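Residue numbers (our numbering): 3 to 517.
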Amino acid sequence: MSVNLLQQLNTISNPGGVGLPVTTYATEMQQALTAQLTQAPQSQLSTLSAQQSALTALQTAMNQFQQATDTLASSQNWNSVTAASSNPSDFSATTTSGAQPSLYTIAVNALAQNQTNILQTQSPPTTVTGASNLQAGTLTLTPNTLDSGQTTTIQVTAGESLASIVSAVNADTTTTGVQAQALYNGSGYLLAFSSTQTGTAFGYTLGGSLITTTPNSSQFTDTQSSAQDASITLDNVNFTSSSNTFANAIPNVTLNVFQQTASTGTLSITNDPSSAVQSVQTWMSAYNSLSDLLHNDTAFSSSTGSTGGTTTSAGPLFTDFNANSLLAQLPSALNQVVPVSGSTLNSLASIGIVEDPTNGHLEFQSASGYSMGNSTFTGSLQDGQTMFTNALATSATSVQQLFGVVQNNEASSAIPTSGILGSVNNTLNNFLLGQGNQVSAMQGDLNSISAQQLNVNNYLTQINQQITQTVANFTSQLNQLNAAMQQSQAQMQQLNALFGNSSSSSTSSTSSSLP
């Protein structure tokens, strides 16, 4: 038992004054041993836990940056275009990936329309639900294309209401593509039939015994407006569509028409640099988050206090080899010079993307430069984003070669093998992917920490078992000591009683012999 522990035990008071306070002694011993023997391993566990959390967060940030790198590597995110109409009230267009810059002339010749049929009798009924003057007969609907052109027959009974006929027609709308409703024209009700979709393909033929060309009170006369396809002339080539949308006239362009044009207009499809700018900004943001994490977790600082003492602090990954290696390798991958045939655009700096010396962030160059400490830039620079968009406008192919963009890629991401992105991807893979059957460097770090945590926890288990046994032995010894003390006290009481009786007898004899 250490001197400190003995000192602690010796300071325990014993108000009862009889025996030793066993429970108090045992509790104090348990606390003292736990503090002395488990403090170091518990501190080691805290350090390992902080390292584990930092490595897990770093691994997540690396994966996010790699995902942003793969997204930027897809040509789909570089070849975006936008469409502009000279007559937006007549027609407009939207583009998807793969649309090519070009200029088209467009004239809208006709809009798509539904087929309609208005049926009325010579003496139209004044109520929809009441009896009509119709004779018994049939109405037939034969769609042009729907239901393979099969005819649907509506049986009408004598005096049947218009509401009943409307209900019967609409019950077959799914197969005929025709819907009906009753309309009031000021003097009575009539029936209105119409196709549910525009275009000649969705027209129909209306017939039956209740259709006549001679107006009377028991049959319908039919006024028809035929279905019509939309029609445009695109660069002197005619196109038709069953709707007012043309999805196949220009590859990867959807054209919408709104009204017939009085004259030919133009549709301009041009490159849209905003999409590429956004993709690059997202990529730089992912890198900056990773860079901040690396700098903070590997940092070391010291400061001198008012009393002259020095205080130091270190990040959880200050001594981690992989984290420090990644911190050194990533900027090298980003700042390399990439040979681009026939172009001076061979680095990120040449297209306006630089590393901020104050915080290590990747960003578009500031026109005002940067300040570091007491050094301030007093000149002017070209705005980085302007440099980037100008490079895209004049040398888009060279910019994509510099980055290592995977061409003709239809997916939203791709694995780069060349350029800046290829170098970044390889650097990340060196830490995130293992060789052969080996685990990755990052996973190896995490596995090592887990193994150390297991060893320390096993050690703590043994220490706690030893403390428990030591306290149990100490408690037993104290109990034995108390028992011995109690026995000794009883013997002393017997001796005191014995000597007390003897003394009383001697005093009595002496008193009786006196005269």
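C-beta atoms are modelled at their ideal positions from N, C-alpha and C, and glycine is treated no differently. Just so we're clear, the structure is a prediction, and the values are computed from it rather than from any experiment.
Reference residue i; option with closest CA among the options
{"i": "Leu257", "options": "Gly210, Leu141 and Thr235", "result": "Thr235"}
{"i": "Ser76", "options": "Ser276, Val407, Ser304 and Met64", "result": "Val407"}
{"i": "Ala101", "options": "Phe366, Thr272 and Gln445", "result": "Thr272"}
{"i": "His590", "options": "Thr399, Tyr106, Thr391 and Ala288", "result": "With the chain covering 3 to 517 only, the question about residue 590 has no answer from this structure."}
{"i": "Gln471", "options": "Pro23, Gln437 and Thr36", "result": "Thr36"}
{"i": "Gln68", "options": "Glu412, Met286, Gln44 and Ala249", "result": "Met286"}
{"i": "Asn337", "options": "Gly424, Phe260 and Pro217", "result": "Gly424"}
{"i": "Ser219", "options": "Glu357, Pro253, Leu192 and Phe320", "result": "Leu192"}
{"i": "Gln44", "options": "Gln479, Gln488, Gln454 and Asn481", "result": "Gln454"}
Rounded C-alpha distance that separates residue i from residue j
{"i": "Thr309", "j": "His297", "result": "30 angstroms"}
{"i": "Ala416", "j": "Ala278", "result": "15 angstroms"}
{"i": "Gln440", "j": "Ser452", "result": "17 angstroms"}
{"i": "Gln283", "j": "Thr71", "result": "11 angstroms"}
{"i": "Ser227", "j": "Ala114", "result": "12 angstroms"}
{"i": "Gln152", "j": "Ser94", "result": "37 angstroms"}
{"i": "Gln137", "j": "Ala173", "result": "22 angstroms"}
{"i": "Gln464", "j": "Leu39", "result": "11 angstroms"}
{"i": "Asn116", "j": "Ala170", "result": "21 angstroms"}
{"i": "Ile156", "j": "Thr140", "result": "6 angstroms"}
{"i": "Leu500", "j": "Gln493", "result": "10 angstroms"}
{"i": "Tyr27", "j": "Ser490", "result": "22 angstroms"}
{"i": "Thr142", "j": "Asn238", "result": "41 angstroms"}
{"i": "Thr107", "j": "Thr118", "result": "33 angstroms"}
{"i": "Leu185", "j": "Ile167", "result": "13 angstroms"}
{"i": "Glu162", "j": "Thr144", "result": "22 angstroms"}
{"i": "Thr215", "j": "Asn246", "result": "33 angstroms"}
{"i": "Leu57", "j": "Ala63", "result": "10 angstroms"}
{"i": "Ser420", "j": "Pro318", "result": "34 angstroms"}
{"i": "Leu164", "j": "Asn79", "result": "58 angstroms"}
{"i": "Gln437", "j": "Ala335", "result": "21 angstroms"}
{"i": "Gln409", "j": "Thr313", "result": "54 angstroms"}
{"i": "Thr268", "j": "Val83", "result": "16 angstroms"}
{"i": "Asn484", "j": "Gly502", "result": "26 angstroms"}
{"i": "Ser281", "j": "Ser345", "result": "23 angstroms"}
{"i": "Asn81", "j": "Thr96", "result": "15 angstroms"}
{"i": "Thr207", "j": "Thr147", "result": "11 angstroms"}
{"i": "Asp149", "j": "Val180", "result": "12 angstroms"}
Assigned secondary structure, residue i (DSSP; H/G/I helix, E/B strand, else coil)
{"i": "Asp224", "result": "strand"}
{"i": "Thr145", "result": "Here residue 145 is Pro; the residue named in the question, Thr, does not match the sequence. Of the three classes helix, strand and coil, the one that applies to Pro145 here is strand, per DSSP."}
{"i": "Gly502", "result": "helix"}
{"i": "Leu296", "result": "helix"}
{"i": "Phe476", "result": "helix"}
{"i": "Ser513", "result": "Confidence at Ser513 is low in this model, with a pLDDT of 45, below 50, so its placement is unreliable and no value can be given for it."}
{"i": "Phe405", "result": "helix"}
{"i": "Ile417", "result": "coil"}
{"i": "Gly521", "result": "The structure shown does not extend to residue 521, since the chain is modelled only from 3 through 517, so no value can be given for it."}
{"i": "Ala316", "result": "strand"}
{"i": "Leu208", "result": "strand"}
{"i": "Pro23", "result": "coil"}
{"i": "Val426", "result": "helix"}
{"i": "Asn460", "result": "helix"}
{"i": "Ser490", "result": "helix"}
{"i": "Leu35", "result": "helix"}
{"i": "Glu412", "result": "coil"}
{"i": "Leu47", "result": "helix"}
{"i": "Val441", "result": "coil"}
{"i": "Asn65", "result": "helix"}
In DSSP terms, what residue i is bridged to
{"i": "Gln181", "result": "Ser196"}
{"i": "Gln157", "result": "Thr140"}
{"i": "Val342", "result": "Its beta-bridge partners do not exist; DSSP assigns none."}
{"i": "Phe366", "result": "Ile355"}
{"i": "Ser334", "result": "Ser334 pairs with nothing; no bridge assigned."}
{"i": "Leu60", "result": "None; Leu60 has no bridge partner."}
{"i": "Ser305", "result": "Thr313"}
{"i": "Tyr191", "result": "Tyr186"}
{"i": "Ile213", "result": "Phe222"}
Short CB-CB distance (under 8 angstroms) between residue i and chain D
{"i": "Leu292", "result": "Included in the structure is just one protein chain, with no chain D present."}
(message) List, from N- to C-terminal side, the beta strand (DSSP E) runs of 3 residues or more that fit wholly inside the region 218 to 289.
(response) 223 to 227, 232 to 236, 239 to 243, 247 to 252, 255 to 259 and 267 to 273
(message) Please give me, in chain order, every unbroken run of the alpha helix (DSSP H) with length at least 4 that falls completely inside the region 67 to 142.
(response) none
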